[in-house]
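Novice: Per numbering that gives the first Met the number 0, residue 0 is the first one in the sequence shown, and the count goes up by one each step. For each residue, glycine too, the CB sits at the ideal point set by N, CA and C.
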Amino acid sequence: MFIRSGGDLYDGAVVWRIEDEEIDFSVSEFETLMAELRRERLFAHLAVHRPALKARLLALFDDSLARQEFEVGELELALENALLQLENRLSHR
Numbered sequence: 000m001f002i003r004s005g006g007d008l009y010d011g012a013v014v015w016r017i018e019d020e021e022i023d024f025s026v027s028e029f030e031t032l033m034a035e036l037r038r039e040r041l042f043a044h045l046a047v048h049r050p051a052l053k054a055r056l057l058a059l060f061d062d063s064l065a066r067q068e069f070e071v072g073e074l075e076l077a078l079e080n081a082l083l084q085l086e087n088r089l090s091h092r
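#1: What three-state label does DSSP hand residue 72 in the structure shown?
#2: Pick out whichever of 90, 21, 85 and 57 has its Cα sitting closest to the Cα of residue 74.
#3: Here's a check: name, in chain order, each residue in its chain whose Cβ is nearer than 7 Å to the Cβ of residue 76, leaving out the five neighbours to either side.
#4: Considering only DSSP beta bridges, list what residue 24 is partnered with.
#5: Looking only at its chain, what residues have a beta carbon closer than 6 Å to the beta carbon of residue 44, apart from the 5 residues adjacent to it on each side?
#6: With H, G and I counted as helix, E and B as strand and the rest as coil, what does DSSP make of residue 7?
#7: Using the Cα positions of residue 21 and residue 10, report the straight-line distance between them to the nearest angstrom.
#8: Going along the chain, which residues of its own chain have a beta-carbon closer than 8 Å to the beta-carbon of residue 46, five neighbours each way excluded?
#9: Short check: CB of residue 79 to CB of residue 41, under 8 Å?
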């Protein structure tokens, strides 16, 4: 499964570009999210702490999920990997 993802640090905020959307995090929010990803799965964390973000991410891929091009678990893993790649890129600046 391929997801277009990127991002950078802009004006003190982490901007995650995913498909044609941008999701902004404060640096501390992003650091907290990444620390939590090491303890639990992305959607489990978002369901409790950021339900609107979980809904937004699922809505981005609603058509693909409906056509059964991939399953929610595959999407979750791909999003987690995209976030880890963004974290890695930011840490090497």
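Specialist: So, from the data block:
#1: helix
#2: By alpha-carbon distance to residue 74, the top candidate from 90, 21, 85 and 57 is 57.
#3: none
#4: 13
#5: Once the five neighbours on either side are set aside, the close Cβ partners of residue 44 are 35.
#6: Strand at residue 7.
#7: If you take the alpha carbons of residue 21 and residue 10, they lie about 14 Å apart.
#8: 53
#9: yes
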